[in-house]
Amino acid sequence: MGQLTIILARVLQAVPTIFGIVVVTFLLTRALPGDPAAYFAGASATPESIAEIRVKLGLDQSLPLQFVAYLQDLATGNLGQSISTGQPVATELLRRLPASLELTLFALLLSVAVAIPLGVLAAVKQDTWIDQVCRFIVTAGVSLPTFFTGLLLVYVFYFLLGIAPAPLGRLDMLHIAPPQVTGFLVLDGLIAREWATAWSAFKQLLLPGITLALFTLAPLARMTRAAMLQALASEYLRTARAAGLSSTRVLMVYAFRNAMLPIITTLGMVFSFTLGANVLVEKVFAWPGIGSFAIEALVVSDYAAVQGFVLSMAVLFVLLNLVIDTVYTLIDPRVRIEG
Amino acid sequence: MTDATLTSQLTAGSRPSAFARNLAHFRYVMTSNPVTFLAFVLCAGMILVALFGPMLVPHDPLATLSDKALKPPSWDHWFGTDQLGRDVFSRVVVATRLDLLISVSAVAISFVCGAAMGACAGYWGGWFDKLSGRFLDTIMAFPLFVLAMGIVAAAGNTIQNIVIATAIINLPFYARVARAEVSIRRNAGYVQAARLSGNSELRILMFKILPNTLPPMMVQLSLNMGWAILNAAGLSFIGLGVRPPTAEWGIMVAEGANYIISGEWWLALFPGAALMLAVFTFNLLGDGLRDLVDPQRRT
Amino acid sequence: MNRRELLKSAGALTAGAALLPFLKTNAWAQSTGTIVVMIGNTINSLDIHRPGTNRPSYQVAVNVYDRLVTFGTKKLADGSLSYDYDKVEPELAESWSLSADRKAILFKIKPNATFWDGSPVTADDVKWSFDRALALGGFPKVQMGAGGFVDPEQFVVVDAKTFRIDLKQPSKLALPNLGVPVAVIINSKVAKANATAADPWAAEYLHRTPAGSGAFKVERWDAGQQLIYVRNDKWTGGPLPGVQRVIIREVPASATRRALIERGDAHLSFQIPNKDAQELALNKKVKVVGSPIDNCLYVACLNYNFEPFRDQKVRQAVAWAIPYEQIFKQAAYGRGVPMWGGKSAKPATAAWPQKFPYSTDLKKAKALLDQTKFKDGFEVPLSYDLGEADWGEPAALLIQESLGKIGIKVTLDKVPGANWRTVALVEKKLPFLLENFGGWLNTADYYFYWAYIKGNLFNASNYDDPVVKKLVDETLHMEKSNPAYEAKIKQMLQKAFDDVPRIPLWQPTLESAMSPKMQGYEFWFHRQVDARSYKIV
């Protein structure tokens with residue numbers, strides 16, 4: 051009951067945020083330079099044909115009226131139609147979202163698998179050369195623009211060595227997508243028992259995944275180190291050590307468990323900015339995610355598409371925070387009592 | 448951090464030996480951590496290059512030489528030449544000033560605005576707190592790079608707009624930290640004392656509380672300087688960066704990246720290395736600064 | 002539709018696609034039946050008439066639909082293939098004849114021509130398709146208008162297999178204009194069956210589901226990723242394509258495209274940057290074909306709205322100060338046809354495009370500028386399209402440097418795609434810009450009509466001259482064989498030489514890189530992939 055109320059309260063809290071996002075996105079898209087009507091009227095359009103298209107898109111109306119129309123559409127769950135792809139924005143996003151999520155989650159998984167051990171190691175060996183090396187490695191990862199790392203990896207592993215598959219999206223051309231269950235091709239491939247497809251999807255995922263993971267190592271590893279240091283210095287750990295518990299047990303069970311909270315918070319933030327960084331990586335790897343869709347839409351001032359993209363991102367982010375809060379209540383009993 | 452350490456730190460400021468003590472602490476931090484020392488040296492070096500670099504470069508960074516396009520590094524052109532025959536070394540050096548300017552001003556704006564906003568929200572609470580909280584939530588709910596992209600696309604790709612966009616996406620970090628730190632201290636013992644002795648609320652906030660919130664923000668500060676440069680580079684990659692022919696690391700890497708496959712590695716590598724070094728320095732500096740200003744580590 | 006239903010339908014789509022067992026048995030890279038083509042942009046619709054359909058999507062109209070007529074093929078000097086503007090050939094029409102007053106064209110449709118669903122192609126389909134091009138407005142309407150087709154009344158069904166076009170005036174552009182991508186013939190029965198009251202022209206349906214008679218059918222379209230064509234074995238429009246299947250892959254980063262073609266993982270990289278073309282041409286593993294684009298010029302436009310450029314001497318001074326040679330080397334990488342350094346100030350022939358009588362001569366430029374009231378120089382922003390930055394940026398930088406030497410201070414302004422069309426072509430308010438118009442119909446008068454007539458879209462200079470206007474009006478529909486034609490074109494060129502509202506930099510080429518195993522690559526005026534002639538050996 052208590053937990054449910056907390057979650058409900060969080061959802062209600064998100065409502066004004068989402069409204070704010072709707073307003074900001076609307077204004078931002080209208081401030082974009084260029085006239086979508088002129089753009090979509092195409093080469094050799096006449097002023098009349100541009101005016102025709104403007105009416106068709108509803109852009110001949112005043113801003114407040116456009117906003118009301120937009121809200122009405124939203125209320126009925128209609129995100130509008132992307133003028134550049136001609137598809138409903140919702141369909142487009144749902145088709146592309148799994149690609150971005152698969153990439154982001156895979157990258158985070160990789161990153162967590164490397165960053166947390168590094169962070170713990172750095173904390174345990176605080177101020178020794180190991181600490182410095184860890185710090186050096188993760189900082190180097192975050193110091194290069196993602197598109198640069200991506201192209202470099204393509205150059206070395208695909209172009210020079212020929213180990214990696216061609217950077218051509220989610221599947222190489224030999225395979226076709228397995229029946230959609232999760233939308234994640236690797237998982238879907240496994241579910242459908244099409245091992246070769248799953249393997250191919252995994253290989254495609256590897257380079258963009260590593261590119262993104264390198265970029266997210268630093269915040270995770272740093273936070274792990276800091277949180278571990280704090281946990282290790284706390285009273286109850288000293289007590290636990292004094293009580294003669296083995297040091298591995300102290301480390302893994304007590305210290306790490308307590309360090310998890312800030313790590314999870316950081317993970318949420320990292321997730322958000324990884325989705326942002328996706329935009330660039332998707333371009334390098336021809337990854338058919340929502341990031342590349344957003345760039346395309348932004349360049350041609352495709353209002354509905356940009357709005358839909360940002361809105362879905364925001365909702366995703368709110369959902370993510372909800373999940374994090376829930377995980378919080380599960381890990382940390384104190385939160386539950388407070389609620 | 449307890450109130451006791453805070454008060455002792457505050458009173459420490461009034462003692463005559465404060466400067467000497469700070470210097471000693473600085474020396475201690477530098478000598479105990481070679482990486483931090485290195486970061487400070489690199490940072491100083493970068494500032495020197497930014498100040499004097501444009502006077503020292505061997506070639507005009509904007510002059511094109513048609514017969515010398517895309518030449519690999521040589522004695523004449525240490526970092527090679529680009530597609531128009533411009534000297535990459537000169538461009539990398541000259542770009543230092545602009546890049547530092549972008550990152551420092553972006554971070555300074557978000558630091559000042561964010562800290563002010565967060566401090567007011569944390570100190571007085573009420574409707575302002577609620578409003579600013581919602582505002583920050585809204586910014587945070589955007590994927591940050593996409594928001595920056597939108598702002599620059601909407602407002603036009605000038606340096607000024609790139610700075611503003613970067614400042615806006617960094618704002619929540621400072622505002623959040625400032626709010627949290629201030630609201631913890633709002634009713635602390637020493638603040639109550641200051642209030643009783645007749646200080647105005649604004650004065651208390653400015654001089655008693657805010658200085659104590661600086662350490663956690665300092666760390667963020669230098670991290671964000673690195674991000675600001677990367678952000679500008681990313682914008683350049685999708686064509687929304689600074690205008691040519693201005694030399695800027697991000698746009699040089701972004702343009703050079705397309706030449707990697709064709710074998711002209713020097714176009715992206717050298718500005719990339721400069722960019723990496725800068726971000727790297729800022730990141731390491733962040734840790735160093737924390738050691739320097741963190742009262743807990745002063746022993 | 003709620004989210005769950007959407008998910009379900011999306012799932013069903015992919016599941017349906019998964020049942021097609023084709024690719025599993027076909028290792029495309031080795032097979033001769035499948036060809037993999039990479040393009041840099043996104044195909045956003047399968048219907049060329051729909052408002053908002055972008056240029057890269059025109060290739061669908063080319064490969065999937067037929068027109069009444071098409072163009073022949075010719076071999077260029079370098080051995081590569083090109084369409085032949087002067088040879089109009091049958092596609093769906095078996096034959097055609099001109100009435101005595103040359104104001105009506107009568108078409109006989111091939112008796113065996115059928116759509117994919119087996120139904121015969123009739124004159125009703127032709128009329129419905131042409132009516133549709135006019136009714137949906139926008140670009141298709143404008144392009145139809147170029148041939149003199151402006152009113153549905155002009156399209157007449159004589160009988161099931163006979164179709165007539167009535168022209169308001171005889172025009173040399175009418176017949177060729179039936180061979181452009183816009184003039185596709187759609188299966189009107191299928192389209193009408195899927196039309197609604199709100200959407201009488203089935204724009205929603207045809208946007209995703211083509212209904213034609215063309216050489217290829219669309220087997221699969223993953224918007225933003227790939228488009229797969231499969232051969233229509235019953236095609237009657239021409240010789241059967243040499244490949245069974247064509248995979249069009251969208252690869253946005255040009256560096257990635259280059260890596261793929263060099264590694265041999267794709268057969269054709271369509272439209273590559275000039276720099277890649279220059280370098281790959283030296284690479285034995287890849288074949289590069291560069292075809293000069295007919296009736297297209299990369300130009301620097303001087304806007305008459307900008308005060309200094311109203312002075313002819315200032316415009317000529319700029320034309321003398323452009324570093325043509327250097328631009329050609331560093332922006333075009335030597336791939337293209339030079340358009341500067343013409344020997345005589347008078348056009349010797351009526352050939353188009355031809356060299357303008359300017360070259361780089363800073364002394365002359367300065368002398369001309371000194372005769373004007375702008376002798377102390379002025380400041381002007383030079384704009385170029387972000388989407389064309391690969392040549393626009395180096396060219397702009399070089400122009401900036403060179404004009405600086407005669408005292409004209411140039412600042413650079415890179416305009417993002419959506420904005421470009423508005424400010425450069427619709428509002429025409431950029432003082433100085435780089436522009437790249439090319440006409441589909443290959444005649445000088447057609448180019449002049451779009452680029453030198455006040456108010457027309459590509460006249461970004463706001464050039465307005467009564468003499469040129471009169472000449473264009475006279476020549477636009479005049480047959481080339483008319484004895485008066487050549488003299489008038491020369492007169493027109495002379496004005497362009499003297500007034501230079503548009504300074505040609507060079508005639509661009511369409512560059513593509515392909516595997517040596519690929520044959521039949523042909524250049525088309527529409528600058529899109531026409532896979533019907535492609536073969537793998």
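Protein chains in written order, with the numbering used here: chain E, 51 to 389; chain Z, 448 to 746; chain D, 2 to 538. Note that CB positions come from ideal geometry on N, CA and C, so glycine has one too. Just so it is clear, the structure is predicted and the values come from calculations on it, not from any experiment.
Expressed to the nearest angstrom, what Euclidean distance is found between the alpha-carbon atoms of residue i and residue j?
i: Ala510 (chain Z); j: Val541 (chain Z); result: 13 Å
i: Ser250 (chain E); j: Asp222 (chain E); result: 7 Å
i: Asp466 (chain D); j: Leu458 (chain D); result: 16 Å
i: Asn113 (chain D); j: Gly238 (chain D); result: 10 Å
i: Val157 (chain D); j: Thr115 (chain D); result: 20 Å
i: Val73 (chain E); j: Tyr208 (chain E); result: 44 Å
i: Ala271 (chain E); j: Phe367 (chain E); result: 22 Å
i: Gly70 (chain E); j: Leu485 (chain Z); result: 44 Å
i: Val105 (chain E); j: Val356 (chain E); result: 20 Å
i: Val700 (chain Z); j: Arg80 (chain E); result: 31 Å
i: Ala30 (chain D); j: Ile400 (chain D); result: For Ala30 (chain D), the predicted model reports a pLDDT of 43, less than 50, meaning its position is unreliable; a value from the coordinates is still stated below. Their backbone Cα atoms lie some 44 Å apart in a straight line.
i: Asn178 (chain D); j: Gly291 (chain D); result: 25 Å
i: Lys76 (chain D); j: Gly521 (chain D); result: 11 Å
i: Ala704 (chain Z); j: Leu203 (chain E); result: 12 Å
i: Phe1 (chain D); j: Pro97 (chain E); result: Past the boundaries of the shown model lies residue 1 (chain D); chain D is included only from 2 to 538, so the question cannot be answered.
i: Arg250 (chain D); j: Met672 (chain Z); result: 39 Å
i: Lys429 (chain D); j: Arg581 (chain Z); result: 43 Å
Where do the N-terminal and C-terminal ends of the alpha helix (DSSP H) with residue i fall, by residue?
i: Met302 (chain E); result: Run containing Met302 (chain E): none; DSSP gives neither H nor E here.
i: Met278 (chain E); result: 245-283
i: Pro398 (chain E); result: This structure leaves residue 398 (chain E) out entirely; chain E is present only between 51 and 389.
i: Glu394 (chain D); result: 390-405
i: Lys489 (chain D); result: 484-500
i: Glu346 (chain E); result: 340-349
i: Thr163 (chain D); result: Unbroken run through Thr163 (chain D) is the beta strand (DSSP E), 163-167; no alpha helix (DSSP H).
i: Met145 (chain D); result: 139-147
May I ask you to report which of helix, strand or coil DSSP gives residue i?
i: Leu477 (chain D); result: coil
i: Pro109 (chain E); result: The residue you asked about is not Pro; residue 109 (chain E) is Leu in the sequence shown. Coil at Leu109 (chain E), not helix or strand.
i: Thr26 (chain D); result: Any answer about Thr26 (chain D) is weak, because its pLDDT of 35 lies below 50 and its placement is not dependable; what the coordinates show is given next. Residue state, collapsed to three classes: helix.
i: Gly73 (chain D); result: strand
i: Arg246 (chain D); result: strand
i: Ser579 (chain Z); result: helix
i: Ile110 (chain D); result: strand
i: Pro749 (chain Z); result: No answer is possible for residue 749 (chain Z): it lies beyond the span of chain Z, which begins at 448 and ends at 746.
i: Lys655 (chain Z); result: helix
i: Lys330 (chain D); result: helix
i: Arg68 (chain D); result: coil
If the cut is a Cβ gap below 7 Å, which residues of chain E does residue i touch?
i: Asn45 (chain D); result: Ser134, Thr135, Gly136
i: Ala256 (chain D); result: Leu201
In chain Z, which residues lie with their C-beta within 8 Å of the C-beta of residue i?
i: Gln331 (chain D); result: Thr511, Ser513, Ala516, Gln530, Leu531, Gly532
Cβ closer than 9 Å: which chain Z residues qualify as neighbours of residue i?
i: Tyr205 (chain E); result: Ile707, Ile708, Trp712
Starting from residue i, find everything on chain D with Cβ-Cβ shorter than 7 Å and list it in chain order.
i: Glu346 (chain E); result: Thr43
So residue i contacts chain D; which residues on that side make the cut at Cβ distance below 8 Å?
i: Lys106 (chain E); result: Pro52
Could you list which residues in chain Z have their beta carbon closer than 7 Å to that of residue i, in chain order?
i: Arg259 (chain D); result: Ile708, Ser709
i: Phe198 (chain E); result: Val700, Ala704, Ala715, Gly719
Query raised in the report: Are the region 352-368 of chain D and the region 414-425 of chain D in contact at 8 Å, needing three or more beta carbon pairs?
Result: With a cut-off of 8 Å, the region 414-425 of chain D and the region 352-368 of chain D do not count as touching, because too few Cβ pairs lie within range.
Query - the region 638-649 of chain Z in contact with the region 572-591 of chain Z per 3-pair CB rule at 8 Å - result: Counting Cβ pairs under 8 Å, fewer than three are found: no touch.
Query - Sufficient close CB pairs (3 or more, under 8 Å) joining the region 71-89 of chain D to the region 256-272 of chain D - result: With the cut-off at 8 Å, the region 71-89 of chain D and the region 256-272 of chain D do not touch.
Query - Meets three-Cβ-pair contact criterion under 8 Å: the region 467-487 of chain D and the region 271-278 of chain D - result: Verdict: no, contact absent.
Query - Three CB pairs or more closer than 8 Å across the region 161-168 of chain E and the region 179-195 of chain E - result: Flag = yes, the region 161-168 of chain E and the region 179-195 of chain E touch.
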